[in-house]
Amino acid sequence: MAAAMKAQEKTEISIGGKTIASSPEESVEALQEALQRYRALVELTADYAYSFRVLADGTVDHEWGSGSLARMTGYTARELRSCGGWETVIHPDDLSIPVSQLRCLLSGDDCVVTYRILTRDGSVRWIKDRARPVWSDD
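In structure tokens form, the structure reads like this:
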């Protein structure tokens, strides 16, 4: 009987004082709705949102990026990976800027840099890259 009563207990989840879920089912539904809103926001923004992980050996591993990459560069993520990655579109005179940005991020600081890229059609586009490190245990 006590187990049956515990199964019927509700756990309330609130954000900013607003209840978004009061049962495990509602929690899953609320998370799915939040994920859909997040995906729409990322896909509709004119900016390119991305995440990368720095591996123990110092290698930068691209985790995800928004679809606006193709609008910005003329390349899909797959095309960019196959031709050598982000570094291949950075203007040759600006290659040191993202390197110094990575050093800044690894020191734990937020970093904003501006540099040029060369798009698929050969035009030059200025990029303002705002980045913030997020540390994980792994």
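Letter by letter, the sequence shown follows residues 9 to 146 of the numbering used here.
For every residue, glycine included, the Cβ atom is placed at its ideal position computed from N, Cα and C.
Small disclaimer: the values here were computed from a predicted structure and weren't measured.
### Query
If you run the structure through DSSP and keep just helix, strand and coil, what is C119?
strand
### Beta-bridge partners of G73, as assigned by DSSP
Y58
### Query
What residue from R47, V107 and Y56 has the CA that sits closest to C119's CA?
V107
### Message
Would L63 and D55 be called neighbours here (beta carbons separated by less than 7 angstroms)?
### Response
no
### Message
Please state the DSSP three-state secondary structure of L7.
### Response
The shown model of the chain, from 9 to 146, leaves out residue 7, and the question about it has no answer.
#### Entry: Coarse secondary structure for L43, derived from DSSP in three states
helix
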